[in-house]
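Quick note: to get the working numbering, add 16 to the position in the sequence shown (first position is 1). So the structure is just underneath, and the comments pick up after that.
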Amino acid sequence: LLIPKLIFFPPDVYPSQCFFPQYLISSIKTPLFLLNAAYDSWQIQASLTPPAADPQGYWHECALNHGKCTSMQIEFLQGFRSQMLNVIKDFSTSNQNGLFINSCFAHCQSEKQDTWFADDSPLIGSQPIAIAVGNWYFDRAVVKAVDCAYPCDNTCHNLIFK
Numbered sequence: 017l018l019i020p021k022l023i024f025f026p027p028d029v030y031p032s033q034c035f036f037p038q039y040l041i042s043s044i045k046t047p048l049f050l051l052n053a054a055y056d057s058w059q060i061q062a063s064l065t066p067p068a069a070d071p072q073g074y075w076h077e078c079a080l081n082h083g084k085c086t087s088m089q090i091e092f093l094q095g096f097r098s099q100m101l102n103v104i105k106d107f108s109t110s111n112q113n114g115l116f117i118n119s120c121f122a123h124c125q126s127e128k129q130d131t132w133f134a135d136d137s138p139l140i141g142s143q144p145i146a147i148a149v150g151n152w153y154f155d156r157a158v159v160k161a162v163d164c165a166y167p168c169d170n171t172c173h174n175l176i177f178k
């Protein structure tokens, strides 16, 4: 594994962890816009609750449909959101960086028109994703859009799997 010499990690971070955003983000100097769902449906299914980690299937229904999560599972997912927001705290203080972190159960919101820039696209405040990214990219505004915690956002296009 080759790591550029310009990237320095704290002594407690192994070089193999450089692919994980929480370790890499402090080394990025170019302006960066983070667009992410606080409850990333792919991460929930593939990283947090894969079948190998949940052999009894306790998380199966919740991972496929957030409406079937127990209050304890929602509390766990709220903690997941809180940890992510804590990891990006230093990153978010720079005016050159932008954020759009909504409270949707979604993944890849920039690749589909219905979540990117449709009449009913997800909003934070009154701003859809495409407008927020455009305002940041063209230096029209500093964008630090972080949604309130689930279930407050009724503009989400939550992914439900069968």
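Glycine residues also receive a C-beta, built at the ideal position from the N, C-alpha and C atoms.
Inter-residue Cα distance where the pair is residue i and residue j
{"i": "N81", "j": "V103", "result": "26 Å"}
{"i": "L163", "j": "L115", "result": "The sequence shown places Asp at residue 163, not Leu. In a straight line, the C-alpha of D163 is about 10 Å away from that of L115."}
{"i": "M100", "j": "Q38", "result": "8 Å"}
{"i": "G7", "j": "I117", "result": "No answer is possible for residue 7: it lies beyond the span of the chain, which begins at 17 and ends at 178."}
{"i": "T86", "j": "F92", "result": "10 Å"}
{"i": "L50", "j": "Y153", "result": "12 Å"}
{"i": "A68", "j": "A157", "result": "44 Å"}
{"i": "D169", "j": "L175", "result": "14 Å"}
{"i": "N111", "j": "P66", "result": "37 Å"}
{"i": "R97", "j": "Q59", "result": "12 Å"}
{"i": "D155", "j": "W132", "result": "19 Å"}
{"i": "D130", "j": "V159", "result": "21 Å"}
{"i": "L17", "j": "P71", "result": "In this prediction, L17 scores a pLDDT of 46, lower than 50, which makes its location untrustworthy; the coordinate-derived value is nonetheless stated afterwards. Those two C-alpha atoms are separated by around 33 Å."}
{"i": "K128", "j": "S32", "result": "32 Å"}
{"i": "Y30", "j": "P167", "result": "37 Å"}
{"i": "M88", "j": "K105", "result": "26 Å"}
Top-ranked residue by Cα proximity to residue i, from the options
{"i": "S42", "options": "T109, T171, N151, G95", "result": "T109"}
{"i": "G95", "options": "V159, L48, N118, A165", "result": "A165"}
{"i": "A122", "options": "Q99, Y55, N113, C168", "result": "Y55"}
{"i": "A161", "options": "A53, T46, Y39", "result": "A53"}
{"i": "F107", "options": "K178, F177, C172, K45", "result": "K45"}
{"i": "C124", "options": "S57, R97, Y30", "result": "S57"}
{"i": "L64", "options": "L51, I90, L50", "result": "I90"}
{"i": "Q143", "options": "C172, P167, K128", "result": "C172"}
{"i": "K178", "options": "Q61, N111, N170", "result": "Q61"}
Beta carbon of residue i nearer than 8 Å to that of residue j
{"i": "S126", "j": "I145", "result": "yes"}
{"i": "L40", "j": "N113", "result": "no"}
Q: Indicate whether the contact test is met: 3 or more Cβ pairs, each with one atom in the region 139 to 152 and one in the region 72 to 92, closer than 8 Å.
A: Touching, no, given that fewer than three Cβ pairs across the two stretches are closer than 8 Å.
Q) With a cut-off of 8 Å, do at least 3 Cβ pairs link the region 126 to 141 to the region 59 to 75? A) no
Q: Go through the region 81 to 152 residue by residue and report every complete run of the beta strand (DSSP E) that reaches 3 residues or more, in order.
A: 114 to 122
Q: Entirely within the region 46 to 85 and at least 3 residues each: give me those beta strand (DSSP E) ranges in chain order.
A: Taking only runs of at least 3 residues, the beta strand (DSSP E) segments lying wholly in the region 46 to 85 are 49 to 56.
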